[in-house]
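Protein chains in written order, with numbering that gives the first Met the number 0: chain A, 0 to 343; chain B, 0 to 356.
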Amino acid sequence: MSMDGDGRAPVRIGVVSAEHVHAPTYISLLAALPGAHLVGVWDEDARRAEAAAEPVGTRAFDDLDELLERVDGVVIASANSRHRRLVEVAAEAAVHVLCEKPLATTVDDARAIVDTCVGAGVRLMTAFPVRWSPAAQALESAVRSGTLGRPVFLEGVNTGTMPDVHAAWFVDPALSGGGAVTDHVVHLADLFRWILRSEVVEVYAVANRLLQERFAAVETGGLVSMRFASGVSATIDCSWSKPRSYPTWGGLSVQAIGTGGAFGIDAFRQRLAVYGTREAGISWRAWGPDADRGMLAEFLSVVRDDREPAVTGIDGLRAVEIVDAAYRSIEAGVPVQLGAGQPS
Amino acid sequence: MAEPNVAGPTQPLSRSVATRGGATQPLRVGVVGAGFIGQTHLAAWAAEGLPAVVHDVDAGRATELAGRYGARAAGSLEELVDAVDVVDVCTPTHLHAGIAIAAARAGRHVICEKPMARTLADAEAMLAAADAAGVRLFVAHVVRFFPEYVAARAAILEGEIGEPAVLRLTRASFRPRQPAGHWFFDHSRSGGIVLDLMIHDLDYARWIAGEVVAVHCRSASVTQPDAGVDHAVAILTHRSGAISHVSASWGYAPPTFTTAFEIAGSHGLIEQSSTTTAPVTPSLLADTEGGGPTAMAETGLAGDPFRLELAEFARAILDGSEARIGARDGLEALRIALAADESARTAAVVRLEQEAG
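Spelled out as structure tokens, the structure:
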């Protein structure tokens with residue numbers, strides 16, 4: 000526990016569910032973040048809660064209500080399909096919410112999550128940490144300042160290893176909502192919406208299950224093309240295409256094309272190549288800035304000041320709508336149209 | 000101790016098998032078109048030690064190039080065809096078919112620069128003319144001779160990554176420095192960036208992942224809104240279920256020319272980028288302009304891909320063997336490119352029906 004810079008009382012934060020691979024990262028960051036008091040971790044699996052709480056010496060709760068009574072805000076890091084129920088419980092307890100991406104596995108659930116939080120008067124933020132990546136911010140700035148001229152095309156790559164090595168639910172469609180398209184489209188879709196300040200109006204997507212064929216239940220390879228209302232086109236490679244032998248989990252990069260030229264970013268390029276004792280022989284150790292830290296600091300600030308977050312629930316909903324459109328396109332084999340987007 | 004694997008200059012064709020019917024006379028080559036690619040091919044033929052004839056509608060340009068590469072300038076296409084065994088068509092795209100068909104009808108073998116033709120009907124007519132005349136027809140998709148692309152295919156054939164599943168192929172450069180009105184910028188003559196630049200990777204995607212059944216493409220104008228498309232991305236669905244993301248750009252600043260690919264297979268991954276594998280990286284103070292009129296991929300330190308390509312075609316003509324790319328491959332690459340171009344214009348997905356075989 001530590002006071003923030005203004006000497007105000009720390010913001011009391013809880014972590015709700017440690018199912019997601021990001022939960023341990025959030026827990027260790029929150030334990031050290033100035034102005035935060037990590038009250039504890041709840042998980043429906045008591046042993047998982049204890050395992051997650053233990054490294055930072057925080058408390059494991061086996062009663063969710065007990066945790067919610069003691070916090071101002073929660074970070075929800077459950078399996079995707081459980082987000083809605085957990086957000087509803089938190090909102091009922093008048094606790095602000097930072098929800099792991101994707102916000103939900105269906106558009107209906109995502110909309111219900113947004114409506115529930117509005118109705119309960121709690122703040123809802125979607126966990127899109129890429130907006131706090133300095134590389135992504137540099138691209139946004141190049142577009143905003145006019146350096147890149149008028150943007151015309153964005154090509155994004157967010158590929159990675161199979162997340163099943165961290166948690167089996169990622170490849171169970173009932174819990175995850177889908178495979179690579181669900182897991183990896185939303186980060187870049189949100190980044191593109193933010194950079195362009197425009198909504199997606201058309202989506203075309205293709206997918207297959209040829210990569211890592213043991214995952215017959217969900218798609219493992221996917222390519223998505225989208226068109227924004229502003230006329231800009233964009234693509235995303237969201238495939239789980241990094242084999243286990245890959246020296247890191249994956250990466251996120253964008254090549255932006257504008258009338259002023261091209262602008263490339265690679266959010267995880269700052270890394271060491273380490274030839275150590277691991278079986279893989281080589282591993283990449285990141286030394287760049289941690290975007291998760293900026294995202295969590297924003298949530299603390301949102302809770303403290305009871306203000307609109309930089310990434311809202313509506314942003315989460317829009318990303319889910321794009322994923323939903325991608326699946327409809329995969330099914331139909333043709334581009335599908337999206338509504339112009341309700342005003343946020 | 001293993002032999003050092005040093006890829007030195009290949010033996011010139013003139014000193015190996017470049018003779019006709021066991022006789023001592025070398026294969027006679029005629030290059031039609033003394034532009035950018037014609038010059039590249041003339042240089043390669045000269046390196047192979049084969050006598051070449053060159054013809055261009057601009058006689059001065061043909062004479063100049065002939066002098067530079069020890070070739071002979073022909074005053075007319077007929078004169079060139081009469082004097083050679085093989086006609087190497089390096090003209091603007093829309094003129095390929097007429098010249099190739101005339102050469103085939105005269106009994107000459109034909110090598111044709113990519114894209115094979117401006118239209119599918121033209122390409123089919125070329126194929127028919129070559130078949131009818133009993134001559135060989137090759138389409139010069141040089142990427143199949145670039146060592147990094149060859150090495151990736153070899154790794155895949157050896158089973159290193161399993162079945163190809165997701166391909167991402169990128170070719171990024173600056174807008175060719177040609178005057179307004181140049182055929183290159185006229186979609187009706189060149190087919191634009193999709194037929195000229197993207198087709199390299201469309202052919203490679205098909206070489207790696209097999210026949211393409213659906214094509215989606217989006218394009219944009221970057222540098223000159225009225226001058227046509229200079230950035231395009233196609234998404235291909237292969238019959239095998241594999242999917243490919245193919246990006247071609249003239250939207251970068253000179254002297255950029257980067258190529259990259261990532262091929263993900265059922266149990267592995269291949270990554271390649273020209274930006275991280277350049278063996279020589281000069282940064283010369285005198286070289287402030289950078290980039291010629293048209294960007295060209297660096298060819299590495301040994302084994303000029305253009306020379307490898309033309310030598311393979313010449314050998315195939317001489318000994319009746321197959322080259323790694325045939326006329327049918329050139330036609331299929333064109334079919335995919337035309338589908339991408341159509342998709343970019345109509346916003347629809349174009350489905351392809353392959354002929355049997």
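Using N, Cα and C, we set each Cβ at its ideal position, and we do this for glycine too.
None of these values were measured; they are calculated from a predicted model.
Test: residue i CB closer than 8 Å to a CB of chain B
i, result
"Ile256 of chain A", "yes"
"Val86 of chain A", "no"
"Ser363 of chain A", "Only positions 0 to 343 of chain A appear in this structure, which leaves residue 363 of chain A out of reach."
"Tyr203 of chain A", "yes"
"Lys100 of chain A", "no"
"Ala324 of chain A", "no"
"Asp236 of chain A", "yes"
"Ser229 of chain A", "no"
"Arg327 of chain A", "no"
"Phe152 of chain A", "yes"
"Val333 of chain A", "yes"
"Arg226 of chain A", "yes"
"Pro346 of chain A", "Past the boundaries of the shown model lies residue 346 of chain A; chain A is included only from 0 to 343, so the question cannot be answered."
"Gly340 of chain A", "In this prediction, Gly340 of chain A scores a pLDDT of 49, lower than 50, which makes its location untrustworthy; the coordinate-derived value is nonetheless stated afterwards. No, its Cβ sits nowhere closer than 8 Å to a Cβ of chain B."
"Ala261 of chain A", "yes"
"Ser132 of chain A", "no"
"Ser144 of chain A", "no"
Contact with chain A by residue i, beta-carbon distance below 8 Å
i, result
"Leu351 of chain B", "no"
"Val348 of chain B", "yes"
"Glu341 of chain B", "no"
"Ile242 of chain B", "yes"
"Ile234 of chain B", "yes"
"Val221 of chain B", "yes"
"Ala1 of chain B", "Confidence in Ala1 of chain B is poor, its pLDDT being 35 and thus under 50, which makes the residue's placement unreliable; the coordinate value appears in the next sentence. Output row for Ala1 of chain B: interface = no."
"Gly227 of chain B", "no"
"His40 of chain B", "no"
"Ala252 of chain B", "yes"
"Ala277 of chain B", "no"
"Ala213 of chain B", "yes"
"Gly7 of chain B", "Because the pLDDT at Gly7 of chain B is just 39, under 50, the model does not fix this residue reliably, and the value given afterwards should be weighed accordingly. For Gly7 of chain B, the answer is no, since every Cβ of chain A falls outside 8 Å of its Cβ."
"Arg344 of chain B", "no"
"Arg238 of chain B", "no"
"Arg217 of chain B", "yes"
"Ala338 of chain B", "no"
"Ser320 of chain B", "no"
Rounded distance between the beta-carbons of residue j and residue i, thought under 8 Å
i, j, result
"Trp239 of chain A", "Gly159 of chain A", "6 Å"
"Val302 of chain A", "Gly120 of chain A", "With 8 Å as the limit, Val302 of chain A and Gly120 of chain A do not qualify as a contact, their Cβ atoms being about 13 Å apart."
"Ile335 of chain B", "Val138 of chain B", "Contact flag wrong, Cβ pair sits at about 13 Å."
"Val10 of chain A", "Gly34 of chain A", "6 Å"
"Glu218 of chain A", "Gly249 of chain A", "Going by Cβ atoms, the distance from Glu218 of chain A to Gly249 of chain A rounds to 16 Å, so no, they are not a contact pair."
"Ala247 of chain B", "Val193 of chain B", "7 Å"
"Ala252 of chain B", "Phe184 of chain B", "Ala252 of chain B to Phe184 of chain B, Cβ: 19 Å. No contact."
"Ala332 of chain B", "Ala322 of chain B", "That pair is no contact at about 14 Å."
"Leu138 of chain A", "Gly257 of chain A", "Not confirmed; about 10 Å, so no contact."
"Val253 of chain A", "Leu153 of chain A", "6 Å"
CB contact check: residue i to chain C, cutoff 8 Å
i, result
"Tyr245 of chain A", "The chain labelled as chain C is not found among the protein chains of the depicted structure, namely A and B."
Residue i - partner residues in DSSP beta bridges
i, result
"Val96 of chain A", "A:Val73 and A:Leu123"
"Thr311 of chain A", "A:Met124"
"Ala35 of chain A", "A:Val10"
"Pro163 of chain B", "B:Gly264"
"Asp108 of chain A", "The partner list for Asp108 of chain A (beta bridge, DSSP) is empty, contrary to what the question assumes."
"Val211 of chain B", "B:His237"
"Ser172 of chain B", "B:Phe256"
"Ser282 of chain A", "A:Val273"
- Task: Could you name the residues of the segment 205 to 222 of chain A whose beta carbon sits closer than 9 Å to any beta carbon of chain B, in the order they occur along the chain?
- Result: Val205, Ala206, Asn207, Arg208, Leu209, Leu210, Gln211, Glu212, Thr219, Gly220, Gly221 and Leu222
- Message: For the segment 187 to 205 of chain B, list every residue whose C-beta sits within 9 Å of some C-beta in chain A, in sequence order.
- Response: none
- Task: Quick one: which unbroken alpha helix (DSSP H) runs of 4-plus residues sit fully inside the segment 189 to 214 of chain A? Chain order, please.
- Result: none
- At 3 residues or longer, and completely inside the segment 127 to 177 of chain A: list those beta strand (DSSP E) runs for me, N to C. 150 to 156
- Message: Counting only Cβ-Cβ distances shorter than 7 Å, please list the residues of the segment 256 to 272 of chain B near chain A, keeping chain order.
- Response: Ala263, Ser265, His266, Gly267 and Leu268
- Query: Along the chain, which unbroken stretches of the beta strand (DSSP E) at least 3 residues long are found entirely within the segment 89 to 138 of chain B?
  - Reply: 108 to 112
- Task: Ignoring anything shorter than 3 residues or poking outside the segment 244 to 293 of chain B, list the beta strand (DSSP E) runs there in chain order.
- Result: 256 to 264 and 267 to 272
- Message: To be precise: take each residue of the segment 269 to 286 of chain A, compare its Cβ to all Cβ atoms of chain B, and keep it if any distance is under 8 Å. Which residues remain?
- Response: none
- If you measure beta-carbon to beta-carbon, which residues of the segment 155 to 188 of chain B are closer than 9 Å to chain A? Ile160, Gly161, Glu162, Pro163, Ala164, Val165, Arg167, Thr169 and Ala171
- Task: Select from the segment 70 to 81 of chain B all residues with a C-beta closer than 8 Å to any C-beta belonging to chain A, and list them in chain order.
- Result: none
- Which residues, in chain order, does the segment 130 to 154 of chain B contribute to contact with chain A at a C-beta distance below 9 Å? none
- Item | Sequence ranges, beta strand (DSSP E) only - wholly within the segment 213 to 280 of chain A, length at least 3 | 220 to 227, 232 to 236, 252 to 257, 260 to 265 and 270 to 273
- Task: Using a Cβ-Cβ cut-off of less than 9 Å, give me the residues of the segment 182 to 203 of chain A that come near chain B, in sequence order.
- Result: Glu201 and Tyr203
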